[in-house]
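Chemist: A single structure is presented below for examination.
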Amino acid sequence: MKKIISFILLGVLALTYSSCFEDHDDNPQYSSLEVKDFVWKGLNAVYLYKDPVLNLHNDAFANNEDYTNFLNSYASPEELFESLMYQRESIDRFSWITNDYIQLEQQLSGISLHNGMEFGLVRESQSSSTVYGYVRYVLPNTSASAQGIQRGNFFDKVNGTPLYYNSSTDNNFDLFNSNNYTISLAFYNDNGTSETSDDSIESTGETITLTKQSYTENPIYYSDVFQVGGINTGYLMYNGFTSSFDGQLNNVFGNFLANNIQNLILDLRYNPGGSVNTAIILGSLIAGHNGDVFSIEEWNSEIQSHLEDTNPESLINRFTNNDDGTPLNILNLDKVYILTTGSSASASELVINCLKPYIDVVQIGTTTTGKPQASTTIYDSDDFSREGANPNHTYAMQPLIYKSLNANGVTDYYTGLTPNIEVSEKLSNLGVIGDVNETLLAAAISAIEDSNRSPVTESKPSKFELVGDSNDLIPFGKDMISNKPIPSF
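First residue of the sequence shown: 182, per this note's numbering; consecutive thereafter.
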């Protein structure tokens, strides 16, 4: 890299399905070798795990012929990319390559397709490959809402095909990629007992066809103020760190301030992450601490050493009291109650981890995804920016480039953040979001009423285990997004 360059940090799933928004009749002609060259050079420049991947070292090849032979030993750019990933199943589950950055950019501009059904995917146990879907929530003014889909509905087939999952690379979840698909409805059968061991999910025989349409989701799904023990308590279900809604997020906290709330229940159970800057804003709205360290970035050894020598402050993200000059409605709380599940990822985990050095964070629910890293879009240009990208192809990469630490240096939570109070959603009765009797919200209210109790398991674990959700199946599903520049040297 020859000069200072700026990237938008994103995480995107491999965009292998055809574009829904724009036709590309004039497909550029490219050499597989030039794309492979781009893949290696981009990862060599910025990949977080460059150090342990020997084939990415600067001295990995004796000469150009050696290097070219290495590239040609792989059948495709995708195969080369995968060969250079570090511990794919456990550490780097989130770096991706796409052969169509035009579609990626359309997604970035807010053009996305959605049928309105947000769902989880579960199987009975690790020994079972049969998967069932359950509806977590439905977005308004969508196909799912028009068809009467509701939270708590189940399905066992897509387009008549039973769902299965053996691993992240051995499943048939690509059935959801179609713009139109039909789900076969099912129901949860507890067989009239309180035990979960005999529970099952069974077909109803009914089917519903869902259609995706252009849609922008408001991440502020639900907010309310109610009393717990005579004290005003705020509740917010927040489903994505989307920077274009930061103003509305600030307004929600303005309402909390106006109602003089003393407790806050932040519901991140389905929040897959998003903007790092929005995570900083949310943490600041909750706790204040303007100017204190929110998070610290740790890059690969080359970039890290350069930044520590030339601009160490650039490695630090700090709490703030404003959003581009607009004052934040800061609560200055010393305790927050945060609801989580295995679908709470990246920026959600960032908020939890980075608040812990300053205030009491009571995490309620189940263990989170485990993703402390951020990624960036890399194009095939001299400085890896969009400008000057190779016109012969539309490949781009989203490699992980740094991991986040809190002010106490805590990071590497690859197996997730463990709750203080373990409570599983009841698939047999998910309840209504925002209802004080809903399982996770009720557990938070109970914790507020008895704030001195020790960590505890509140409910029996479900017979079914989570293997995925709707956010795993879409671009930018579970990632952190940042616009901080990265330097060249």
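Beta carbons are placed, not taken as given, at the ideal position from N, Cα and C, and that holds for glycine.
I think Gly612 touches Leu302, with their Cβ atoms under 8 Å apart; what is that distance to the nearest whole Å?
Modeler: Not quite, the Cβ-Cβ distance comes to about 20 Å (not below 8 Å), so this is no contact.
Chemist: Does the stretch 260-280 come into contact with the stretch 229-238, if we say contact requires no fewer than three beta-carbon pairs (one atom in each stretch) closer than 8 Å?
Modeler: The answer is yes - the stretch 229-238 touches the stretch 260-280, with three or more Cβ pairs under 8 Å.
Chemist: Smallest Cα separation from Thr547: which of Lys659, Asn534, Ile602 and Gly411?
Modeler: Ile602
Chemist: Mind checking who Ala555 pairs with in its DSSP beta bridge?
Modeler: Tyr583
Chemist: Hey, how far is the Cα of Phe407 from the Cα of Glu259?
Modeler: Going from the Cα of Phe407 to the Cα of Glu259 covers about 52 Å.
Chemist: Using only alpha-carbon positions, find the residue among Thr414, Ser527 and Asp660 that is nearest to Ala439.
Modeler: Thr414
Chemist: Opposite Phe677 in the DSSP bridges: which residues?
Modeler: This structure leaves residue 677 out entirely; the chain is present only between 182 and 670.
Chemist: Starting from Tyr416, follow the beta strand (DSSP E) in both directions and report where the run begins and ends.
Modeler: Ile412 to Tyr419
Chemist: Which residue's Cα is closest to the Cα of Arg274: Leu391, Ala555 and Ser495?
Modeler: Ala555
Chemist: How far does the beta strand (DSSP E) with Val409 in it extend, from its first residue to its last?
Modeler: Ile401 to Val409
Chemist: Output the boundary residues of the beta strand (DSSP E) element that contains Tyr345.
Modeler: Here the beta strand (DSSP E) through Tyr345 covers Thr342 to Ser348.
Chemist: Candidates Leu344, Pro343, Leu496 and Asp563: which alpha carbon is nearest Ile582's?
Modeler: Leu496
Chemist: Taking Asp337 as the reference, give the member of Lys607, Phe354 and Val617 with the closest Cα.
Modeler: The option with the nearest alpha carbon to Asp337 is Phe354.
Chemist: Residues bridged to Tyr362 by DSSP?
Modeler: Looking at the DSSP assignment, Tyr362 forms a beta bridge with Leu391.
Chemist: In the DSSP assignment, find the unbroken beta strand (DSSP E) run with Tyr315 in it and report its ends.
Modeler: Thr311 to Val319
Chemist: Just checking my contact of Asn431 with Asp504 at CB under 8 Å: how many whole Å lie between their CB atoms?
Modeler: Indeed, because the Cβ distance is near 6 Å, the residues count as touching under 8 Å.
Chemist: Could you check if Phe262 is buried or exposed, using at least 16 other CB atoms within 10 Å of its CB as the buried criterion?
Modeler: buried
Chemist: Do you know offhand how far Asn244's Cα is from Ala577's?
Modeler: 26 Å
Chemist: Could you name the residues that DSSP lists as bridge partners for Tyr369?
Modeler: Ile382
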